[in-house]
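K.L.:
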Amino acid sequence: MAKDSTKNTSCGDGEVCDPSKRDFMVLAANGLGVVGACTVAWPLIDSMNPSQDVLAQSSVEVDISSVQPGQQKKAMWRGKPIFVYRRTPQQIADANKVDVASLRDPQTDKERTKPNHEEWLVVVGVCTHLGCIPIVGEGEFGGWFCPCHGSQYDIAGRIRKGPAPQNLVVPPYEFINDKTIRIG
Ligand code: FES
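265 is the number of the first residue of the sequence shown in my numbering; add one for each residue after it.
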């Protein structure tokens, strides 16, 4: 004979309960579990949102009005050094003479600068090998030399020699006017 599922059944410990009540208890328990998970997860998610301090550093404005051709200015952005280098016409010409196909990380000078602002090179000042800070004006290529393991970058920040796998990174930036750039 088929069992009548609407009849009371055992809930354990000898207690008899109504199946519809039991289903309700299971749903309620699951619901509480979800609420509990949300209660635990929300502070966690909320804590992962950037703080006001971090948001304030998400972009930084740099006054470049005093930088002369052949000079570099350093700034900090998101905890990293940024090199803002003002190049001479000769340095720009040298950067454009390079056979791009011969480069380890092929990029033209134009791809690494802003139109009508080619005299400015803006890069993250962190060697792409293991993260040391390269030194400006040293090495064989007129750009930067990394003292840690000898990587050399040219005046467009492109890797030319040594173990670094990639060019110095160009961060997102824009010219607010001729005297100020905003990084980030
Ligand atoms: S960290 Fe720059 S060459 Fe190794």
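Every residue gets a Cβ at the ideal spot worked out from N, C-alpha and C, and that includes glycine. All figures in this text were calculated on a predicted structure; none of them were measured in a lab.
If I'm right that leucine 432 touches valine 387 with Cβ under 8 Å, what's the distance once you round it to whole angstroms?
P.N.:
4 Å between Cβ atoms; contact.
K.L.:
Quick check on the DSSP output: the alpha helix (DSSP H) that includes lysine 361 runs from which residue to which?
P.N.:
353 to 361
K.L.:
By alpha-carbon positions, which one of Trp341, Val331, Gln336 ends up nearest to arginine 448?
P.N.:
Contrary to the premise, residue 448 reads as glycine rather than arginine in this sequence. Scanning Trp341, Val331, Gln336 for the CA closest to the CA of glycine 448 turns up Trp341.
K.L.:
In angstroms with no decimal places, state the Cα-to-Cα distance between arginine 424 and glutamine 355.
P.N.:
15 Å
K.L.:
Since glutamine 453 is in the beta strand (DSSP E), which residue starts that stretch and which ends it?
P.N.:
With the chain running from 265 to 448 in the structure shown, residue 453 is simply not present.
K.L.:
With a cut-off of 7 Å, give the chain-ordered residues whose Cβ is closer than this to any heavy atom of the ligand FES.
P.N.:
Listed along the chain, these residues meet the criterion: Cys391, His393, Leu394, Gly395, Cys396, Pro398, Cys410, Cys412, His413, Gly414, Ser415, Gly426, Pro427, Ala428.
K.L.:
When you compare each of Pro379, Trp384, Ser330 to isoleucine 419 by their alpha carbons, which one comes out closest?
P.N.:
Trp384
K.L.:
Cysteine 412: which of Thr392, Glu375, Leu367 sits nearest, CA to CA?
P.N.:
Thr392
K.L.:
Taking the beta strand (DSSP E) that methionine 328 falls in, what are its first and last residues?
P.N.:
According to the sequence displayed, residue 328 carries isoleucine and not methionine. Segment: none, isoleucine 328 is in no beta strand (DSSP E) and carries neither H nor E.
K.L.:
What residue does the beta strand (DSSP E) around valine 387 start on, and which one ends it?
P.N.:
384 to 388
K.L.:
Under the assumption that glycine 421 contacts glycine 407 (Cβ atoms under 8 Å), give the Cβ distance between them as a whole number of angstroms.
P.N.:
Your pair glycine 421 and glycine 407 checks out as a contact, with CB atoms roughly 6 Å apart and the cut at 8 Å.
K.L.:
Rounded to whole angstroms, what is the Cα-Cα separation between glutamine 335 and arginine 368?
P.N.:
Computed Cα separation, rounded: 26 Å.
K.L.:
My output table needs one value for glutamate 375: the three-state DSSP class, helix, strand or coil.
P.N.:
Helix.
K.L.:
Going by C-alpha to C-alpha distance, which of Ser366, Cys410, Ile346 sits closest to alanine 428?
P.N.:
Cys410
K.L.:
Measure from the alpha carbon of proline 345 to the alpha carbon of each residue in Tyr417, Ile328, Gly395, Phe439, then state which is nearest.
P.N.:
Gly395
K.L.:
To the nearest angstrom, report how far apart lysine 374 and glycine 389 are at their CA atoms.
P.N.:
Rounded to whole angstroms, lysine 374 to glycine 389 spans 19 Å at the Cα level.
K.L.:
Of the choices Lys378, Glu402, Asp363, whose alpha-carbon is the least far from that of proline 436?
P.N.:
Lys378
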